[in-house]
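Basically this note's numbering = 1-based index in the sequence shown + 184. Every residue gets a Cβ at the ideal spot worked out from N, C-alpha and C, and that includes glycine. Here is the structure we will look at, set down as structure tokens.
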Amino acid sequence: MLDSEDKRREWKKNLEQAAEELCWENEEGKLIEIFENAGLTFENKLKI
């Protein structure tokens, strides 16, 4: 399995795609919404 060049290329492509999609810039709003729906508020929002 680890010797398969095709599999390694596929895994690398999948990792690169996940890194683009699952980053803080994309997930921040969703996480804040979850906390706010749970009744938590954020007075000082940190902007990076």
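| Asked | Found |
| --- | --- |
| Where ASN223 sits in the DSSP three-state scheme | The sequence shown places Gly at residue 223, rather than the Asn named in the question. DSSP places GLY223 in coil when its eight states are reduced to three. |
| Three-state secondary structure (DSSP) of ASP190 | helix |
| Distance CB(PHE226)-CB(ILE216) smaller than 8 Å | yes |
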